[in-house]
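Structure first, then comments.
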Amino acid sequence: MSHRVSPAAPGKKATGADLRRYMRELGDYMDLAATGTLASAEAGTDVILANAIAPYAYDVAEALGVPAIGAHLQPTEPSTAYPPVVLGTARSLGPVGNKLLGSLISSGKAPYDAPSARIRQMLGLPKKARSASDRTRRKTNSPVLHGISPTVFPRPADWRSGLTMTGYWWPEVEPGWQPPAELVQFLADGPPPVFIGFGSSAALDAEFMLDAAHRAGVRAVLGVQGVAGPDAISIGAVPHEWLFPQMAAVVHHAGAGTAAAGLRAGVPTVSVPIYTDQPFWAARITSLGAGPQPVPYKELTTERLADAITQATTTPAYAARARQLAAMLATEDGTAPVATALRAAAKQM
71 MSHRVSPAAP GKKATGADLR RYMRELGDYM DLAATGTLAS AEAGTDVILA NAIAPYAYDV
131 AEALGVPAIG AHLQPTEPST AYPPVVLGTA RSLGPVGNKL LGSLISSGKA PYDAPSARIR
191 QMLGLPKKAR SASDRTRRKT NSPVLHGISP TVFPRPADWR SGLTMTGYWW PEVEPGWQPP
251 AELVQFLADG PPPVFIGFGS SAALDAEFML DAAHRAGVRA VLGVQGVAGP DAISIGAVPH
311 EWLFPQMAAV VHHAGAGTAA AGLRAGVPTV SVPIYTDQPF WAARITSLGA GPQPVPYKEL
371 TTERLADAIT QATTTPAYAA RARQLAAMLA TEDGTAPVAT ALRAAAKQM
């Protein structure tokens, strides 16, 4: 089921009503996620891996008496090296400002505080603020694995020793998967197209994507339904590791996983960041030389997107750098540190 991941339409700023609706939806999502975490863990688990927006997983682990390990796709620890990713900006505030604001946000209110409190009450645990639990984990050097490539973002010097940069975690390839015949035929019928997609979100509609592709003069593979023709085709769920290397460039919101997949494929990236960590990854892609300047979603027009696509597909340096980064990523193994952490957790039981 698709959903809108931004409170406003492309090129528009969110109103107060938009933001209130968006925060209600986010709160409902967090509550469902917390309930699902508890149900899954109660079915039987030896260890819980908790992402950056699932602190209630630690409460569940506490009640069940099992270890919990952080497993993040974003750098969330307060640091001098980057501004807080929840701000949705890549603009550095300077070393002191980055660390100070990161610490303030970490100790402030968050959408997952209420679900964490509810889970603790349901499980009969004593009241404890999520921010207090965060501080305890820092003091005890609780392990947090980061599925991030140090090639793309070097490990910050001020991270505590329990924070590990493992390298990217890639999705498992479905055995026996075969691409749709019409997609294979489309790829064979002309020059490499450009992928334009935003996952399950409703960030851009087909008409907007088609207009941008037409203005840029490129064929396109679109991550929306209902398009078929000589210059564009819609796709459903297609593994990025198969599709992206066949593209001339990829256009996406620069979410952690999709940004990684584009870099792995060795093709230029056009980033259209919307919120939270996406501007951070978009800025990393640009600073690494693998694509043009990001086009922020709130400033997005078909003309601006078409111009960025043209830059990405006609600038040899972007393609060369993308291939170089892909070769470097191919030498990294993000799974070995995870296996080590799981073995260490098992010994604690």
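In the numbering used here, the protein residues as written are 71 to 419. Glycine included, C-beta positions come from ideal geometry on N, C-alpha and C.
In the DSSP assignment, L215 falls within the unbroken beta strand (DSSP E) covering V214 to H216. DSSP places G140 in the uninterrupted beta strand (DSSP E) bounded by A138 to H142. For Q316, the CB contacts under 7 Å within the same chain, skipping 5 residues up- and downstream, are L257 and P262 in chain order. If the five residues before and after S304 are omitted, its C-beta is found closer than 7 Å to the C-beta atoms of L292, V294, Q295, G296, V297 and A298, all from its own chain and listed in chain order. In the pairwise beta carbon analysis, the region 323-337 is classified as touching the region 391-402: at least three pairs are separated by under 8 Å.
The Cβ atoms of S149 and N168 sit closer than 8 Å to each other.
In the three-state reduction of the DSSP assignment, A151 falls in the coil class. Separation of S186 and V408 (C-alpha to C-alpha, rounded to the nearest whole angstrom) is 25 Å. Inclusion of S203 and P125 in the CB contact set at 8 Å is warranted, their separation being smaller than that value. Pairing V365 with T339 gives a Cβ-Cβ distance that is not under 8 Å. In this chain, the alpha helix (DSSP H) harbouring I379 covers T372 to T384. Shown here, I344 sits in coil according to DSSP, grouped into three states, outside any helix or strand. Taking L157 as reference, the option from T346, F268, Y367 and R200 with the minimal CA-CA separation is T346. For T383, the number of other beta carbons within 10 angstroms of its own is at least 16, and it is reported as buried. With fewer than 16 other beta carbons inside 10 angstroms of its own, L102 counts as exposed. In terms of Cβ geometry, R161 and A180 do not form a close pair [threshold 8 Å]. Judged by pairs of C-beta atoms under 8 Å, the region 170-184 does not touch the region 107-118, as fewer than three such pairs exist. Shown here, T234 sits in a strand according to DSSP, grouped into three states. L119 is bridged by DSSP to I139.
By the criterion of a C-beta distance shorter than 8 Å, L395 is surrounded in its chain by T221, V222, L333, G336, L358 and A360, once the five residues flanking it on both sides are discounted. V365 sits in coil when the DSSP states are folded into three classes, being neither helix nor strand.
Inter-residue distance for A414 and I355 is about 34 Å (C-alpha atoms, whole angstroms). In terms of Cα proximity to P165, the closest of V155, A151, A282 and S176 is A151. The closest CA to that of V243, considering only F350, A353 and H310, is found on H310. Of the other Cβ atoms in all chains shown, fewer than 16 fall within 10 Å of the Cβ of R205; this residue is therefore exposed. The alpha-carbon of S173 is positioned some 48 Å away from that of L253.
Setting aside the 5 residues that flank it on each side, P386 has no residue in the same chain whose C-beta is closer than 8 Å to its C-beta. The three-state secondary structure of T146, taken from DSSP, is coil. Leaving aside the five residues that flank Q144 on each side, the residues in its chain whose CB is nearer than 7 Å to its CB run, in chain order, A122, V155, A326 and D347.
Between H216 and L193, the C-beta gap is not smaller than 8 Å, which leaves the two residues out of contact. Distance from I189 to A104 at the Cβ level is roughly 5 Å; contact confirmed, criterion being Cβ atoms closer than 8 Å. The DSSP-derived three-state label of T105 is helix.
DSSP links L292 through a beta bridge to I266 and S304. Annotation: A319 is outside any alpha helix (DSSP H); the continuous beta strand (DSSP E) that includes it extends over A319 to H322. In this structure, A133 is the residue among T405, R289 and A133 with its C-alpha nearest to the C-alpha of K197.
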